[in-house]
Amino acid sequence: MSAARNHDICRFFFAVSADHYHMCYYCGTQPASNMYQWIEWIASRNMPLSEVDDPLTRSMSKLKAVCSKTLKRYMSLLMTAVEAQISAEMSGLYGYKSTLYLENCVALYGVYWQKGQLKLVLLAIAPMEEEPSLSFLIGDNCATNQAIAILLNVPLIGCASHRFNLAVNSYLSYCKTEVEAVSALMAALRTINYRAALLKYTSLSPRRPNATRWSSTVEMVARNVRCRDEIKRVDIVFDLAPKATTHRRIEALQEDLRDFQSVTLKLQLEALTLADVRVLFDSVAERFPSTKAKLSATAPIVHSPAFEVATVKVINGEVGRLTSSECKAIKHFEVAAAPASSGSKRKQRDDEEAEGDFATSGLHARNASGSPQTAALYTELLKKLPTTSNRCERLFSQTKLVLTPQRALLLPVNFEILMFLRANRN
Numbered sequence: 001m002s003a004a005r006n007h008d009i010c011r012f013f014f015a016v017s018a019d020h021y022h023m024c025y026y027c028g029t030q031p032a033s034n035m036y037q038w039i040e041w042i043a044s045r046n047m048p049l050s051e052v053d054d055p056l057t058r059s060m061s062k063l064k065a066v067c068s069k070t071l072k073r074y075m076s077l078l079m080t081a082v083e084a085q086i087s088a089e090m091s092g093l094y095g096y097k098s099t100l101y102l103e104n105c106v107a108l109y110g111v112y113w114q115k116g117q118l119k120l121v122l123l124a125i126a127p128m129e130e131e132p133s134l135s136f137l138i139g140d141n142c143a144t145n146q147a148i149a150i151l152l153n154v155p156l157i158g159c160a161s162h163r164f165n166l167a168v169n170s171y172l173s174y175c176k177t178e179v180e181a182v183s184a185l186m187a188a189l190r191t192i193n194y195r196a197a198l199l200k201y202t203s204l205s206p207r208r209p210n211a212t213r214w215s216s217t218v219e220m221v222a223r224n225v226r227c228r229d230e231i232k233r234v235d236i237v238f239d240l241a242p243k244a245t246t247h248r249r250i251e252a253l254q255e256d257l258r259d260f261q262s263v264t265l266k267l268q269l270e271a272l273t274l275a276d277v278r279v280l281f282d283s284v285a286e287r288f289p290s291t292k293a294k295l296s297a298t299a300p301i302v303h304s305p306a307f308e309v310a311t312v313k314v315i316n317g318e319v320g321r322l323t324s325s326e327c328k329a330i331k332h333f334e335v336a337a338a339p340a341s342s343g344s345k346r347k348q349r350d351d352e353e354a355e356g357d358f359a360t361s362g363l364h365a366r367n368a369s370g371s372p373q374t375a376a377l378y379t380e381l382l383k384k385l386p387t388t389s390n391r392c393e394r395l396f397s398q399t400k401l402v403l404t405p406q407r408a409l410l411l412p413v414n415f416e417i418l419m420f421l422r423a424n425r426n
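For the sequence shown, position 77 (counting from the first letter as 1) is numbered 77 according to the UniProt record's numbering, and the numbering increases by one without interruption.
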């Protein structure tokens, strides 16, 4: 192998500028890379801005030291650059995915279609303002969100997870006797004396329900069924243990709750469409009639039933079956010219995910039945609309890790920059 010449070395490390000067590749990118890594570390790990000034942090990091004032300056510049890119991409139709936080803050996620894929970016944590190209809102089915949608004159896509939680709670109200029996038993087993007696037979701890999460009821019932034999051996709680007839009803309740659990997990998928949600809701309503009041397409809780029904028909390739009111509801999503293809083909689900559960079986049955495809007359954004506002809920869960009591004096502008850069890392 021949030795490298000076000319080759210079060409590798330097670029010729127009003014006959040379720019070092290493020097031109290393400071920017160094600053970006500091920003990424602070934003991603929920670290205080003053962490970069700490002598111990500087001594343990391989990055070149920077001060907090410089860090905040570059974070602001980076946020401006990201905002400019998002603004350029959101030139067409878009919508807001929002969730109220505390009293006067709204998390706004921009939802739009760009380069063949659905994009969701955090726009701001601030009061909502009306925009001329705003086409829809996504949020909980609360009265506040419905009022905002009415004021902005746009359809509201109710969060599917929120609707399903209400439906499950209505179902549990019919099983109140069984749930209360298990809850009373678990409450007794969590006392010191009873818990010590149970520890002789099993290391599993009793579970208690959480008033805000029905999933805790699933865990409580499952734990009761799992430890029934061990609990019966504890003499002091024998009278509280459900009798054989009640226990059979509890076992049936556990099977129903497992089906509910499979549906709520399926609703967390980002690729789920409104048509998939409609299949899941119809399957649940058919098996559990008490949930129909919350899950039907025309339920009172639905703010924009015509819009949701029309969107489902477009996804299923049933554009020809749209009524006049449904066409009016999605008129904003019409494209200038229909493509020549015979329609879009639905993406097949991964069969390896949760094989055999209630939710997956319903979706597979719907895909197998198929539907006649027609020419696509509407933008792809309409077919890929998010079905839940879970991303907003997760965002506010992350804010609790940032706004700790030790950071109570964090300026709102710095807080928004941190959350903006963290949410839009991609």
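The beta carbon of each residue, even a glycine, is placed where N, CA and C say it ideally should be.
Contact under 8 Å by Cβ, residue i with residue j
i      : j      : result
Asn165 : Trp113 : no
Leu185 : Val221 : no
Leu381 : Phe333 : yes
Thr291 : Ala143 : no
Leu265 : Val218 : no
Gly110 : Leu118 : no
Ala149 : Leu137 : yes
Ser216 : Pro209 : yes
Ser262 : Ala359 : yes
Tyr194 : Val234 : yes
Leu272 : Thr379 : no
Val309 : Glu286 : no
Ile231 : Ala244 : no
Residue i, DSSP secondary structure in three states
i      : result
Tyr378 : strand
Gln114 : strand
Phe307 : helix
Gly158 : strand
Asn424 : coil
Ala340 : Here Ala340 scores only 44 on pLDDT, less than 50, and its place in the model should not be relied on; the value that follows carries that caveat. It is coil, neither helix nor strand.
Val16  : strand
Asn104 : Caution applies to Asn104, whose pLDDT of 46 falls short of 50 and renders its modelled position unreliable; the value that the coordinates give is listed next. Coil.
Lys200 : coil
Glu51  : helix
Glu334 : strand
Leu122 : strand
Asn46  : coil
Arg163 : helix
Asn34  : helix
Arg321 : helix
Arg208 : coil
Asp350 : Note that Asp350 scores 49 on pLDDT, short of 50, meaning its location in the model is unreliable; the coordinates nonetheless yield the value given after this. Looking at Asp350 - three-state DSSP - the assignment turns out to be coil, as it is neither helix nor strand.
Leu152 : helix
Host alpha helix (DSSP H) of residue i (start-end)
i      : result
Ser262 : 244-266
Phe231 : It should be pointed out that residue 231 corresponds to Ile in this sequence rather than to Phe. Run containing Ile231: 228-232, per the alpha helix (DSSP H) assignment.
Asp282 : 274-287
Arg73  : 68-89
Glu326 : 324-329
Met186 : 176-189
Cys142 : Segment: none, Cys142 is in no alpha helix (DSSP H) and carries neither H nor E.
Phe396 : 390-402
Leu56  : 55-60
Lys64  : Looking at the DSSP string, Lys64 is not in any alpha helix (DSSP H), and its letter there is neither H nor E.
Ala293 : 292-295
For residue i, the first and last residue of its enclosing beta strand (DSSP E)
i      : result
Ser135 : 134-139
Cα-Cα separation between residue i and residue j, rounded to whole angstroms
i      : j      : result
Tyr74  : Asn141 : 39 Å
Ala408 : Arg425 : 25 Å
Ala15  : Thr29  : 12 Å
Phe396 : Leu403 : 10 Å
Ser50  : Val121 : 27 Å
Asp276 : Asp357 : 15 Å
Arg391 : His162 : 13 Å
Arg248 : Arg228 : 12 Å
Ser135 : Ser389 : 16 Å
Val225 : Asn169 : 21 Å
Val82  : Ala32  : 15 Å
Gly139 : Pro48  : 31 Å
Lys72  : Asn414 : 8 Å
Leu322 : Lys383 : 15 Å
Gln398 : Gln406 : 16 Å
Gln85  : Ile417 : 16 Å
Cβ-heavy atom distance, residue i to the ligand SAH, below 7 Å
i      : result
Cys142 : You won't find the ligand SAH in this model; it holds no ligand whatsoever.
So does the region 74-91 actually touch the region 414-426, counting three or more Cβ pairs closer than 8 Å?
-> yes
Decide if the region 144-160 is in contact with the region 300-308; the criterion is three or more beta carbon pairs, one per stretch, under 8 Å apart.
-> yes
The region 51-70 / the region 32-40 touching (three or more Cβ pairs under 8 Å) = yes
Is there contact between the region 167-181 and the region 197-206, where contact requires at least three CB pairs shorter than 8 Å?
-> no
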